[in-house]
């Protein structure tokens with residue numbers, strides 16, 4: 005039977021409709037609220053294609069587990085990162101979380117655009133001691149922490165097994181000293197007539213195969229000198245350097261002898277002026293051994309042209325080893341609107357669980373979290389002695405200097421270093437001039453406008 009609705013009926017219908025709309029609104033968002041309640045987090049990265057592929061797999065899992073976050077990935081090719089980073093600083097538009105290596109992390113700290121994470125770390129019960137100290141130090145300033153490392157890539161000694169086999173020279177081992185390195189490097193160096201530096205008639209101007217890929221002919225060379233008892237950094241910050249200190253000159257003299265007198269390593273390896281091929285002579289198959297970072301594993305495995313293995317850096321006269329890290333990590337923009345959420349995402353991205361699952365791939369770098377580092381050990385791929393990478397992580401340190409003016413100092417002194425290793429400039433004279441330029445450059449860079 006039809007009847008007209010009375011006022012009371014209208015009121016009841018209105019209540020029901022209101023309840024229904026409320027329920028529908030609740031169903032519209034999985035978070036018990038409107039879509040506007042989702043937290044937008046911009047995540048800036050600078051990864052290779054291979055790194056990004058595995059990273060995005062992990063990011064998809066995070067999105068599933070944290071639907072309250074709208075994670076917007078902003079990938080920048082590595083060759084364009086510096087320009088974009090500086091532009092975002094100038095326009096105050098840095099992403100909430102940004103992937104930075106140590107030099108740019110330190111730049112962000114100096115310019116006051118990265119958030120001090122110290123209190124967030126303490127409040128979250130986060131344990132920074134699970135990270136390799138050498139990787140963590142690049143994100144510190146005055147006892148405060150401004151970033152968390154994602155991965156580190158220590159320099160180790162690569163060797164070409166095919167060349168060693170052809171020359172009937174024993175492979176390097178983790179017990180090698182630098183004198184073992186010298187002996188092998190000389191034996192594996194040849195001119196175009198097949199002579200070694202030990203043979204009469206050896207022609208140093210026509211070397212076609214070097215024993216070692218490089219010399220420490222630049223500012224960033226601490227790990228080459230520390231095993232010999234010399235460190236050009238005069239303080240922990242490395243904002244003062246001396247390559248003419250007696251112990252550093254003594255350490256460098258070993259290398260000058262190897263390059264300028266034994267001719268077992270090129271004095272200018274990467275330009276191609278000597279080798280005829282720009283880039284790493286080891287990768288080009290022109291050097292039997294080479295110091296390089298773990299990232300080279302991915303490149304060598306992808307090309308498949310070199311049968312190789314690795315060992316730890318050799319020990320110095322007193323048994324000391326040294327290596328330096330290439331490090332990448334994440335910082336948080338100081339002006340983020342969501343510091344707690346940004347830190348939680350940063351914590352997940354750098355955790356042992358995430359990095360061991362999605363980052364520990366050949367050539368990606370070793371997880372900076374100690375408890376995740378073993379994940380890089382994979383017997384299916386070269387090299388066989390991957391344990392050397394883990395062992396080197398224990399004594400590695402960040403590339404220094406990373407203070408203001410370091411890059412400018414490097415560019416201003418590289419020709420001096422090369423001249424010394426060519427034998428054109430006496431060692432003490434060249435290093436005194438390098439010290440003068442470095443000191444002037446760093447003082448100028450840190451004196452402000």
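In the working numbering, the protein residues as written are 5 to 453.
A virtual CB, placed ideally from N, CA and C, is assigned to each residue, including glycine.
Check: Three-state secondary structure (DSSP) of residue 213; Outcome: strand
Check: Simplified DSSP state of residue 247, which is helix, strand or coil; Outcome: coil
Check: Any alpha helix (DSSP H) of 4 or more consecutive residues that is wholly inside the stretch 321-358; Outcome: 343-353
Check: Anticipated Cβ contact below 8 angstroms, residue 119 with residue 341, distance rounded; Outcome: Contact doesn't hold; Cβ gap of about 12 angstroms is too wide.
Check: Inter-residue spacing [alpha-carbon to alpha-carbon] between residue 268 and residue 51; Outcome: 35 angstroms
Check: Residue 292 versus residue 138: straight-line alpha-carbon distance, rounded; Outcome: 29 angstroms
Check: Unbroken alpha helix (DSSP H) run spanning residue 74, endpoints; Outcome: Here residue 74 belongs to no alpha helix (DSSP H); instead the beta strand (DSSP E) covers 73-79.
Check: Buried or exposed (CB count within 10 angstroms, at least 16 for buried), residue 149; Outcome: buried
Check: Paired residues, beta bridge with residue 294 - DSSP; Outcome: 162
Check: Residue(s) in a DSSP beta bridge with residue 70; Outcome: Per DSSP, none; premise fails for residue 70.
Check: Residue environment, residue 35, which counts as buried when at least 16 other CB atoms sit within 10 Å; Outcome: Any reading at residue 35 needs caution, since the residue's pLDDT is 40, under 50, leaving its predicted position unreliable; the model's value is listed next. Classification of residue 35: exposed, given that the 10 Å Cβ count is below 16.
Check: CA nearest to the CA of residue 378, picked from 363, 93, 394; Outcome: 394
Check: Helix, strand or coil at residue 2 [DSSP, three-state]; Outcome: In the structure as shown, the chain begins at 5 and stops at 453. Residue 2 is therefore absent and cannot be evaluated.
Check: The alpha helix (DSSP H) enclosing residue 112, as first and last residue numbers; Outcome: 106-114
Check: Given residue 371 as reference, the closest of 386, 355, 385, 383 once Cα atoms are compared; Outcome: 355
Check: Close-in-space but distant-in-sequence residues of the same chain around residue 38 (CB under 6 angstroms, 5 per side omitted); Outcome: Unreliable positioning characterises residue 38 in this predicted model, as indicated by a pLDDT of 48, which lies under 50. A coordinate reading is not provided.
Check: Beta carbon of residue 454 nearer than 8 angstroms to that of residue 101; Outcome: This structure leaves residue 454 out entirely; the chain is present only between 5 and 453.
Check: Between the CA atoms of residue 115 and residue 91 - distance to the nearest angstrom; Outcome: 13 angstroms
Check: Three-way DSSP call (helix, strand, coil) for residue 365 in this model; Outcome: coil
Check: Extent of the continuous alpha helix (DSSP H) run through residue 460; Outcome: The chain is shown only over 5 to 453; residue 460 falls outside these bounds and no answer can be derived.
Check: For residue 423, the three-state DSSP class (helix, strand or coil); Outcome: helix
Check: Three-state class that DSSP yields for residue 386 in the structure shown; Outcome: coil
Check: Local Cβ density within 10 Å of residue 382, reported as buried at 16 or more and exposed below that; Outcome: exposed
Check: Pick from 368, 96, 298 that is closest to residue 158, judged by C-alpha positions; Outcome: 298
Check: Candidates 363, 224, 67, 239, of which the one nearest residue 404 by Cα; Outcome: 224
Check: Buried versus exposed, by CB contacts within 10 Å (16 or more), residue 262; Outcome: buried
Check: Under the three-state DSSP convention, the category residue 288 falls into; Outcome: coil
Check: Whole-Å CB distance - residue 308 paired with residue 366, under 8 angstroms assumed; Outcome: At roughly 12 angstroms, the Cβ-Cβ gap does not stay under 8 angstroms, so residue 308 and residue 366 are not in contact.
Check: Span separating the alpha-carbon of residue 26 from that of residue 128; Outcome: With a pLDDT of only 38 at residue 26, under 50, the local geometry of the prediction cannot be trusted, and the value read off the model is given with reservation. So the alpha carbons of these two residues sit roughly 35 angstroms apart.
Check: Distance CB(residue 97)-CB(residue 76) smaller than 8 angstroms; Outcome: no
Check: Which of helix, strand or coil DSSP assigns to residue 302; Outcome: helix
Check: Residue 312 - DSSP class collapsed to helix/strand/coil; Outcome: strand
Check: DSSP three-state assignment for residue 35, whether helix, strand or coil; Outcome: Low confidence applies here, because residue 35 scores a pLDDT of 40, under 50, leaving its location unreliable; read the following figure in that light. In the structure shown, residue 35 sits in coil (DSSP, three-state: anything other than H, G, I, E or B).
Check: Distance CB(residue 252)-CB(residue 286) smaller than 8 angstroms; Outcome: no
Check: Ordered list of beta strand (DSSP E) runs contained in the stretch 126-174, each at least 3 residues; Outcome: 151-164
Check: Buried versus exposed call for residue 384 [16 or more other C-beta atoms within 10 Å across all chains shown]; Outcome: exposed
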